[in-house]
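Reading through the structure tokens given below for one structure.
Residue numbers (my numbering): 1 to 278.
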């Protein structure tokens, strides 16, 4: 189990975390869980809520709602933006105007609404410019890939520093983490995750490491079902160590005789024929 944010954030600060999900409920849980991680770090948080009621989005995430700046564009129950054009609030230009100098985490729920309203080119240029010009700005956004074509998804993917892809299989809880480093290195992990009721990762495990551990644990013991015992007891090991093997014995007198015969070889190495007595 990971006790750090490395599989989600990489080694450094994640500039742009993108949560991609076709199942809105699972995507929402992961979005809120990461949002809570930022809250525990006492980060300055602002949320643009386009697809859900704002209070529902932050429920269970923040102990004090005042710690989060919530812009509820979806419902605006308190008429905070009365007199403002809703079309202007839905535009990515609004983000550029009010958050160009923002220091903290800007959460967008969801990026799909902005793309539908303004298109991929405008959204990409605006967010890329914000991330490049503001070193203190971080973005957490959710995207619904089923709404967009592959080109749009690929462009947003390349802009993100971490892309979290949720497995479409409802029977598994697998999260693929793709971390893009500034050096150009890309690190991909498949993570088995569990989220508690209070929106915290109770488990976040590398699937590959988990499988290797299971294989290692299940590796059969070749001596387990033998009819004879291959394992020696302590007294048997001691007896084995005291056993003197043939190649460990000292040379006897017969060996010396053979050695003497070899030293007094009666053959003439220069001309063997001279030794023949005819």
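Backbone N, C-alpha and C define an ideal beta-carbon position, used for all residues, glycine too.
When burial is assigned at 16 or more other CB atoms within 10 Å of the CB, is residue i buried or exposed?
| i | result |
| --- | --- |
| residue 197 | exposed |
| residue 18 | buried |
| residue 135 | exposed |
| residue 239 | exposed |
| residue 126 | buried |
| residue 150 | exposed |
| residue 78 | Because residue 78 sits at a pLDDT of 48, beneath the cut-off of 50, its placement in the model cannot be relied upon, and the following sentence gives the value as read from the coordinates. Classification for residue 78: exposed. |
With residue i and residue j assumed to form a contact (beta carbons below 8 Å), what rounded beta-carbon distance in angstroms separates them?
| i | j | result |
| --- | --- | --- |
| residue 21 | residue 142 | 7 Å |
| residue 118 | residue 91 | 6 Å |
| residue 31 | residue 52 | That belief does not hold up - the Cβ atoms of residue 31 and residue 52 are roughly 10 Å apart, past 8 Å. |
| residue 174 | residue 167 | 4 Å |
Cβ atoms of residue j and residue i: under 8 Å apart, would you say?
| i | j | result |
| --- | --- | --- |
| residue 47 | residue 98 | no |
| residue 29 | residue 199 | yes |
| residue 137 | residue 106 | yes |
| residue 45 | residue 39 | yes |
Rounded to the nearest angstrom, what separates residue i and residue j at their Cα positions?
| i | j | result |
| --- | --- | --- |
| residue 148 | residue 87 | 21 Å |
| residue 115 | residue 165 | 19 Å |
| residue 153 | residue 112 | 10 Å |
| residue 189 | residue 94 | 35 Å |
| residue 206 | residue 234 | 42 Å |
| residue 163 | residue 59 | 24 Å |
| residue 309 | residue 178 | Examination of residue 309 is not possible in this model, given that the chain is present from 1 through 278 alone. |
| residue 26 | residue 42 | 25 Å |
| residue 128 | residue 101 | 14 Å |
| residue 231 | residue 242 | 18 Å |
| residue 122 | residue 104 | 23 Å |
| residue 182 | residue 140 | 18 Å |
| residue 65 | residue 195 | 22 Å |
| residue 144 | residue 185 | 26 Å |
| residue 133 | residue 124 | 14 Å |
| residue 89 | residue 96 | 11 Å |
With a threshold of 6 Å on Cβ separation, who are the neighbours of residue i within its own chain once the five nearest residues in sequence on each side are excluded?
| i | result |
| --- | --- |
| residue 161 | 14, 15, 16, 180 |
| residue 176 | 165, 190 |
| residue 187 | 179 |
Taking 7 Å as the limit between beta carbons, can you name the residues of its chain near residue i, skipping five residues before and five after?
| i | result |
| --- | --- |
| residue 49 | 57, 70, 71, 72, 73, 74, 109 |
| residue 61 | 32, 35, 36, 39, 199 |
| residue 120 | 152, 155 |
| residue 68 | 45, 47, 58, 62 |
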